[in-house]
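Numbering (mature numbering (1 follows the signal peptide of the UniProt record, and there is no 0)) for the sequence shown: -19 to -1, 1 to 376. In this text, a Cβ means the ideal position worked out from N, Cα and C, and glycines have one as well. Here the structure is a predicted model, which means the values were calculated and not measured. Working notes, structure below.
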Amino acid sequence: MFRRAVTVVLLLATLPACSATDEHPVMTVDAAATLADERVGIRVTGLAAGSAVTIRSETTDRNNITWRGTAVVHTDRTGVVDLDTASSTGGSYQGVDGMGLFWSMVPEGADPDTSFLAPNRPERGPFEVRLTATTASGATATAVARRQWLGEGVTHQRVHTDELVADIYLPPAEGPVRRPVLIFGGSEGGSSQLWEAAQLASHGHPAMALAYFDAPGLPATLDRVPLEYFATALRHLAAQTGGGPVSVIGYSRGSEAALLVGQHFPELVRGVVVYAPSDVVHAGFPHDDRPAWTYRGKPVPRGPIPVDKIPGGLLAIAGGDDQLWDSAGSARRLRERRPDTKILIYPRAGHVVGTYPHVPTGVAMGQHRLGGTRADDQRARVDGWPRVLAMLAAP
């Protein structure tokens, strides 16, 4: 809905050309504005054949920290650089990757492995990625890619009651509305899935990002969280969107809740997606002498999670190099328990195997190595996210 060609012409430098003719670089971005999970086509034209070009990207996060990426590429025989086909031989990423300038950005002097972009809340507007191409002779061209968290007409509601702490993103009423989605994260706590919910709503899914601990009015830690809390969220979202069943997405420790809720409240659920999953109930966090979850007032016992009653399908996505826990093994065991489970295992990805692509993420948090590499995690996201959207859009 945002697609329209836009050409941003250049700052021309009056320096000697690297060929018989003067360089007149033009940078073209194939869309003025795109959703944050969509690709952007970037081209530079008007250059000498086979010449070196350095392309830089830059954005600013919610903490006013500047992030930068770099690609060193060469023009083709016609004097054109197309980042979908040009191989970067230096900079913040290597090889052919049309979106490498986006996901490989990092703050100056920071460790890429521990760098996770901290964007503004989705409802506060888009963010811009500023692009500059510089030739060996010093000629430059610039463009701006505007990245949207919210599609046109998507609205936001904050829910903070005695029963729920959540954010709801709703697609425009006049457009096609798909099945609603409840999404929540893991041991990081708080409202960690706002941006995923915003992207889902932008693709037509009413989406609720649910906090279940470490937020005002909620337990401080993952300790005795009632499964009924998630059922309340499902009913609330369903009531706002026609009363039908809701798909559930859970990440990491949240995968336990997603599976348990689908199993215990099948009348409220249609389809469950789990990222970096566990197939067993673990203890609370960080206090491992306490239960993480309760059901009907009693602790949910530790051990394998049954999944035979979950309606509408089960999709498990894991990285084969997950160093936080064996999520790939959990995905396989879920399929053993329920043969129609679909699993996506990306051998070189880690715990940060999802969700949407094209945004900088790291592979370590503090002393915890999460596995994978930034590039391999991004490849997994590029492949996996459309598959999740396809499952959610299925009847």
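What separation, rounded to the nearest whole angstrom, lies between the Cα atoms of residue 302 and residue 360? 14 Å
What is the DSSP secondary structure of residue 96, counted as helix, strand or coil? Coil, per DSSP.
Report the rounded CA-to-CA distance for residue 347 versus residue 157, giving the unit in angstroms. 42 Å
Could you check what DSSP says for residue 399 in three-state terms: helix, strand or coil? Since the first residue of the chain shown is -19 and the last is 376, residue 399 is not available in this structure.
Per-residue DSSP class, three states only, for residue 191: strand
Exposure label - residue 141; buried when at least 16 CB within 10 Å: exposed
Candidates 64, 149, 319, 275, of which the one nearest residue 263 by Cα: 275
Exposed unless 16 or more other CB atoms sit within 10 angstroms - verdict on residue 379: The chain is shown only over -19 to 376; residue 379 falls outside these bounds and no answer can be derived.
I believe residue 191 touches residue 214 by the beta-carbon criterion, under 8 Å. Please report the beta-carbon distance rounded to the nearest angstrom. 5 Å
Tell me residue 48's beta-bridge partners as DSSP assigns them. Answer is 40, 88.
Per DSSP, cross-strand counterpart(s) of residue 274: Residue 274 is bridged to 206.
Range of the contiguous beta strand (DSSP E) that encloses residue 146: 146 to 151
Whole angstroms is fine: what's the gap from residue 299's alpha carbon to residue 364's? Going from the Cα of residue 299 to the Cα of residue 364 covers about 12 Å.
Expressed to the nearest angstrom, what Euclidean distance is found between the alpha-carbon atoms of residue 27 and residue 51? One Cα belongs to residue 27, the other to residue 51, and the distance between them is close to 20 Å.
Best match in 239, 225, 236 for proximity to residue 249 [C-alpha to C-alpha]: 225
Please list, in chain order, all residues of the same chain as residue 163 whose beta carbon is under 8 Å from its beta carbon, the five residues on each side excluded. Only 188, 189, 191, 211, 214, 215, 218, 227, 228, 229, 230 meet the Cβ criterion.
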